[in-house]
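Under the numbering used here, the first residue of the sequence shown carries the number 1, and numbering increases by one thereafter.
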Amino acid sequence: MSLSKPVRRKHAHRRTIICNGYEREDGMWDVEAQMTDVKADSVDNPERGGYVAAGEAFHDMKLRFTLDKTFLIHQVEAAIDESPFMMCPGAVHVFKRLEGTRIGPGWQRKAKELVGGAQGCTHLHELLPVMATTSIQSLWPSMDEDVMDAGAKVMLNTCRTWAQDSDVVKRYLPELYIEDPALQGS
């Protein structure tokens with residue numbers, strides 16, 4: 001199902017987020033994200049030579065995690081190639097604090113403590129949830145069965161498909177299925 005036809009409008013801004021997962025030859029995994037913001041019109045900006053031209057990247061930021069198959073982050077690299085202020089690239093070093101953390105339940109909360117707010121970069125921080133789910137999607141096919149089961153339990157009740165009373169859970173994870181309590185006793 002597509003979106004309905006919009007009213008006439010003028011394009012103002014495009015944000016693009018690209019996130020890729022890579023299996024490395026050393027058995028580790030890289031997950032890389034890039035976020036770019038591009039304005040349809042030129043924007044005044046004294047720190048970028050007076051303005052940022054239409055079609056030129058207003059933001060261009062990258063983040064890479066190197067992790068193992070248990071989702072333990074071994075290395076983090078961040079880069080801010082384009083930003084509206086000269087001081088923005090100074091925030092990249094705080095993302096190293098994510099090294100040694102493990103993607104899983106509570107990880108986003110922990111990441112916010114380590115790199116969120118005034119110590120980090122809002123836009124790099126916005127990439128973290130996308131990178132977490134890309135990590136799971138990248139590693140999922142290669143996971144051992146016990147890791148796969150643990151991952152399924154983490155996904156339980158995170159959306160309609162993974163609801164404990166869904167047909168998907170009933171079919172593929174019957175041991176975790178619970179009939180809709182509203183239907184019990186009918």
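The C-beta atom is built at its ideal place from N, Cα and C for all residues, glycine as well. Here the structure is a predicted model, which is why all the values come from computation and not from measurement.
Alpha carbon of residue i to alpha carbon of residue j, nearest angstrom
i, j, result
"S186", "P174", "Low confidence applies here, because S186 scores a pLDDT of 48, under 50, leaving its location unreliable and the question unanswered by this model."
"D30", "E23", "7 Å"
"P89", "P141", "36 Å"
"F71", "P46", "42 Å"
"Q119", "M35", "19 Å"
"H11", "E82", "21 Å"
"E80", "Q164", "The displayed chain sequence assigns Ile, not Glu, to residue 80. When rounded, the distance between both Cα atoms is 41 Å."
"G50", "D44", "6 Å"
"H59", "R15", "9 Å"
Three-state secondary structure (DSSP) of residue i
i, result
"R14", "strand"
"T122", "helix"
"V7", "coil"
"G106", "coil"
"G117", "helix"
"P174", "helix"
"G27", "coil"
Within 9 Å, strictly: CB atoms of residue i and residue j
i, j, result
"M176", "L156", "Residue identity check: residue 176 is Leu in the sequence provided, not Met. Contact flag set, yes."
"V76", "T66", "yes"
"E99", "H125", "no"
Residues sharing a beta bridge with residue i, DSSP
i, result
"L98", "The partner list for L98 (beta bridge, DSSP) is empty, contrary to what the question assumes."
"D81", "Paired residue(s): none; D81 is not in a bridge."
CA nearest to the CA of residue i, picked from the options
i, options, result
"S138", "R171, Q164, I103 and L114", "I103"
"L63", "F95, R171, A12 and Q164", "F95"
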